[in-house]
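Trainee: In UniProt numbering, the protein residues as written are 1 to 334.
For every residue, glycine included, the Cβ atom is placed at its ideal position computed from N, Cα and C.
#1: Taking the alpha carbon of residue 293 as the point to measure from, which residue in 85, 313, 256 and 312 has its own alpha carbon closest?
#2: So for residue 83, helix, strand or coil by DSSP?
#3: Looking at the structure shown, is residue 111 part of a helix, part of a strand, or coil, going by DSSP?
#4: Quick test of your reading: residue 32 and residue 4, contact by CB under 8 angstroms. State the CB separation rounded to the nearest angstrom.
#5: Would you decide whether residue 199 is buried or exposed? Buried here means 16 or more other CB atoms lie within 10 Å of its CB.
#6: Quick one: is residue 73 buried, meaning 16 or more other Cβ sit within 10 Å of its Cβ, or exposed?
#7: State yes or no: is the C-beta of residue 260 within less than 9 angstroms of the C-beta of residue 271?
#8: Between 236, 45, 116 and 286, which lies nearest to residue 253 when the distance is taken from Cα to Cα?
#9: Hey, how far is the Cα of residue 34 from the Cα of residue 203?
#10: What is the C-beta distance between residue 155 and residue 186, in whole angstroms, given that I count them as a contact (C-beta under 8 angstroms)?
#11: Can you tell which of 17, 332 and 184 has its C-alpha closest to the C-alpha of residue 338?
#12: Quick check: the segment 96–107 against the segment 63–71, are there 3 or more CB pairs under 8 angstroms?
#13: Mark residue 140 as exposed unless 16 or more other C-beta atoms lie within 10 angstroms of its C-beta, in which case mark it buried.
#14: Determine whether the beta carbon atoms of residue 143 and residue 105 lie at a separation below 9 angstroms.
#15: Report the three-state DSSP secondary structure of residue 271 (helix, strand or coil).
#16: Determine, using beta carbons only, whether residue 130 and residue 23 come nearer to each other than 9 angstroms.
#17: Do residue 234 and residue 313 have their beta-carbon atoms positioned less than 9 angstroms apart in this structure?
#18: What are the boundary residues of the beta strand (DSSP E) that includes residue 165?
#19: According to DSSP, simplified to helix, strand and coil, what is residue 327?
#20: Taking the beta strand (DSSP E) that residue 307 belongs to, which residues open and close that run?
#21: For the candidate residues 57, 56 and 38, whose alpha-carbon lies nearest to that of residue 48?
#22: Could you give the first and the last residue of the continuous beta strand (DSSP E) run that contains residue 22?
#23: Express the C-alpha separation of residue 300 and residue 227 in angstroms, rounding to a whole number.
#24: Looking only at its chain, what residues have a beta carbon closer than 7 angstroms to the beta carbon of residue 120, apart from the 5 residues adjacent to it on each side?
#25: Which term fits residue 242, buried or exposed, when burial requires 16 or more other beta carbons within 10 angstroms of its beta carbon?
#26: Which residues in the same chain have their Cβ closer than 7 angstroms to the Cβ of residue 329, if we skip the five residues on either side of it in sequence?
#27: Using a 10 Å radius around the Cβ and a threshold of 16 neighbouring Cβ atoms, would you call residue 126 buried or exposed?
#28: Can the beta-carbon of residue 207 be found closer than 9 angstroms to that of residue 160?
#29: Give the secondary structure of residue 106 by DSSP, where H, G and I count as helix, E and B as strand, and everything else as coil.
#30: Assuming contact is defined by CB atoms lying nearer than 9 angstroms, are residue 135 and residue 158 in contact in what I supplied?
#31: Three-state secondary structure (DSSP) at residue 77?
#32: Between the Cα of residue 278 and those of 164, 43, 11 and 220, spot the shortest distance and give me the residue it belongs to.
#33: From 284, 193, 41 and 291, pick the residue whose C-alpha is nearest to that of residue 15; which is it?
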């Protein structure tokens, strides 16, 4: 995020490079940087003749280079943005000749999503020397909560840890989807608001009481009644609560619990650091560890592996997922 801010500051102050090669698994920042260049390099009047958007599936490297070598019309620069440049992955190394001697009056932006180029090859080394190579890496699940807080802070919003966890559980680590939902909330709610689980439930449609986060907590607390209520809700709403996701999240939880049992220092700060979790949730692991000794946790992990296969239809084609979930819960809690 700091690297993105620095890039934006340089672009705004006209410290421009002839090539911006934006690559990586996380498309959110690739789009952000590309859009920032599109909006800030040229004036509105200059864009008509000097700004061009191309798509990787429709052009070749030769087409891109041919356009990049043109001179701007009545402007200092022309901007060429190539979206979905990953569609050119088989021929992308051909860009190296242009990268060695780029047109100084052209700002070429390559949006190379979901992939990276080989850092051992000439193209990467040349781009790094002559332009900017930005790699947008996918965040781990435990990093997304901090990202949400950092995105909200400049806009005068905060978020409760449980609300943040609900977003991550429902939307995964897709920053674009999470940001879209946060922007909706910022329109609805007044500045200075702490976004709560109730806000998430009312405006995004994620149940604050019947979700995998609450199921995990109920199981960790040994609350069979509540866990069964949640599983029953999942069984009645299978499209919104796919079993494969539930099993995966429970597997991660019990794997972390196994790690917890192996820690010598079980102070909250040490646990949060070792398990890479928000300190707010440490007590849940402490409680779960009391209810699930190490031997039991190992058994549960084995059970979850078995049901992961079943959730994908192997050896359980005729069994409804709701019934499988109920059987899984019985096996975990017994």
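Mentor: Looking at the coordinates:
#1: Position 293 of the chain shown, counting from 1, holds the residue named residue 293. It is 256.
#2: Along the chain shown, one-based indexing puts residue 83 at 83. Strand.
#3: Translated into the one-based positions of the chain shown, residue 111 becomes position 111. Note: residue 111 maps to strand in three-state DSSP.
#4: Indexing the chain shown from 1 puts residue 32 at position 32. Indexing the chain shown from 1 puts residue 4 at position 4. Yes, residue 32 and residue 4 are in contact; Cβ-Cβ is about 7 angstroms, under 8 angstroms.
#5: Here residue 199 refers to the residue found at position 199 when the chain shown is read from its first residue. Counting Cβ neighbours within 10 Å, residue 199 comes out buried, since at least 16 surround it.
#6: In the chain shown, the residue the question calls residue 73 occupies position 73. Result: exposed.
#7: Counting from one through the chain shown, the residue named residue 260 turns up at place 260. Counting from one through the chain shown, the residue named residue 271 turns up at place 271. It is a contact, given that the beta carbons lie within the stated cut-off.
#8: Residue 253 sits at position 253 when you count from the first residue of the chain shown. Of the candidates 236, 45, 116 and 286, the one whose C-alpha sits nearest the C-alpha of residue 253 is 286.
#9: Within the chain shown, numbered from 1, the residue matching residue 34 stands at position 34. Within the chain shown, numbered from 1, the residue matching residue 203 stands at position 203. Cα to Cα, residue 34 sits roughly 30 angstroms from residue 203.
#10: Indexing the chain shown from 1 puts residue 155 at position 155. Indexing the chain shown from 1 puts residue 186 at position 186. The Cβ separation is near 6 angstroms, so the contact holds.
#11: Lying before the first or after the last residue shown, residue 338 is absent from the chain, which here runs from 1 to 334.
#12: yes
#13: Working through the chain shown from its first residue, we reach residue 140 at position 140. Exposed, since its Cβ has fewer than 16 Cβ neighbours within 10 Å.
#14: Taking the first residue of the chain shown as 1, we reach residue 143 at position 143. Taking the first residue of the chain shown as 1, we reach residue 105 at position 105. In this structure, residue 105 does not lie closer than 9 angstroms to residue 143 by Cβ.
#15: Position 271 of the chain shown, counting from 1, holds the residue named residue 271. Correct three-state label for residue 271: helix.
#16: In the chain shown, the residue the question calls residue 130 occupies position 130. In the chain shown, the residue the question calls residue 23 occupies position 23. Contact: no.
#17: Translated into the one-based positions of the chain shown, residue 313 becomes position 313. Translated into the one-based positions of the chain shown, residue 234 becomes position 234. Going by C-beta atoms, residue 313 is not nearer than 9 angstroms to residue 234.
#18: What you label residue 165 is simply residue 165 of the chain shown in a count that begins at 1. Unbroken run through residue 165 is the alpha helix (DSSP H), 161–171; no beta strand (DSSP E).
#19: For the purposes of this step, residue 327 is taken as residue 327 along the chain shown, with counting starting at 1. Three-state DSSP puts residue 327 in a helix.
#20: On the chain shown, residue 307 is found 307 positions in, with the first residue counted as 1. Where residue 307 is concerned, there is no enclosing beta strand (DSSP E), although the alpha helix (DSSP H) it sits in stretches over 294–311.
#21: Residue mapping note: residue 48 aligns to position 48 of the chain shown, counting from 1. Ranking 57, 56 and 38 by Cα distance to residue 48 puts 38 first.
#22: As a working note, residue 22 is residue 22 in the chain shown. Residue 22 -> beta strand (DSSP E) spans 19–24.
#23: The sequence position of residue 227 within the chain shown is 227, counting from 1. The sequence position of residue 300 within the chain shown is 300, counting from 1. Distance between the alpha carbons of residue 227 and residue 300 is about 16 angstroms.
#24: Here the question's residue 120 lines up with position 120 in the chain shown. Excluding residues within five positions, none has a Cβ falling inside 7 angstroms.
#25: On the chain shown, residue 242 is found 242 positions in, with the first residue counted as 1. So residue 242 ends up on the exposed side.
#26: Translated into the one-based positions of the chain shown, residue 329 becomes position 329. Within the same chain, residue 329 has close Cβ partners 227, 228 and 231.
#27: Working through the chain shown from its first residue, we reach residue 126 at position 126. Classification for residue 126: buried.
#28: Mapped onto the chain shown, residue 207 falls at position 207. Mapped onto the chain shown, residue 160 falls at position 160. Taking 9 angstroms as the Cβ cut-off, residue 207 and residue 160 do not qualify as a contacting pair.
#29: The residue given as residue 106 occupies position 106 in the chain shown. The answer is strand: DSSP assigns residue 106 an E or B state.
#30: Taking the chain shown and counting its residues from 1, the one referred to as residue 135 is at position 135. Taking the chain shown and counting its residues from 1, the one referred to as residue 158 is at position 158. No. Outside cutoff.
#31: Taking the chain shown and counting its residues from 1, the one referred to as residue 77 is at position 77. Correct three-state label for residue 77: coil.
#32: Counted from its first residue, the chain shown places residue 278 at position 278. Answer by Cα proximity: 164.
#33: In the chain shown, residue 15 corresponds to position 15, counting from 1. Closest option to residue 15, Cα to Cα, is 41.
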